[in-house]
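Report on one structure; see the data block that follows.
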Amino acid sequence: MKLRLARHVYADAVVVAVEGELDLFTAPFLRDEVREAILQDGNRLVLDLEKLSFMDSSGLSVLIEAWRLATGEGGGVSLAAPQPPVARILRTTGLDRRIKVYSDVDAAISGEI
1 MKLRLARHVY ADAVVVAVEG ELDLFTAPFL RDEVREAILQ DGNRLVLDLE
51 KLSFMDSSGL SVLIEAWRLA TGEGGGVSLA APQPPVARIL RTTGLDRRIK
101 VYSDVDAAIS GEI
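Right, dumping it as structure tokens:
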């Protein structure tokens with residue numbers, strides 16, 4: 001499985017569910033989806049990573065771009081439910097100190113750790 005994306009708007013947040021593998025070939029699809037979600041649906045973005053099985057540096061780049069775009073629009077980005085391999089990359093790179101990581105989508109939407 002490569003990559004599947006689904007976007008839903010909840011209250012004051014837009015959630016993009018990411019499923020599969022996020023790499024050099026699939027990152028542009030998420031980049032486009034994130035940009036469209038922020039510009040069309042709101043500047044508060046939650047990326048649901050529960051079903052993301054792999055992410056390389058291309059995926060990290062998309063997360064950073066999403067954070068920059070959302071904060072530039074007065075909002076923010078939260079990450080929900082990353083699986084251990086993805087969570088490890090977020091910790092190793094320190095990105096989890098820049099973008100808040102939550103245990104699930106509901107917590108990310110409400111902003112509760």
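With the UniProt record's numbering, the residue at position 82 of the sequence shown is 82, and numbering never jumps.
Ideal Cβ placement from N, Cα and C applies to all residues, glycine included.
The Cβ atoms of VAL16 and LEU63 do not sit closer than 8 Å to each other. Close CB contacts of GLY59 within its chain, under the 6 Å cut and outside five residues either way in sequence, are with LEU22, ALA27 (chain order). The beta-bridge partner set that DSSP reports for PHE54 consists of GLU21.
Beyond the five residues adjoining it in sequence on each side, TRP67 comes within less than 6 Å, by CB distance, of VAL77, ILE99 in the same chain, given in chain order.
By the criterion of a C-beta distance shorter than 6 Å, ALA6 is surrounded in its chain by ALA17, once the five residues flanking it on both sides are discounted.
The Cβ neighbour count for ASP48, taken over all protein chains shown within 10 Å, is at least 16; the residue is labelled buried.
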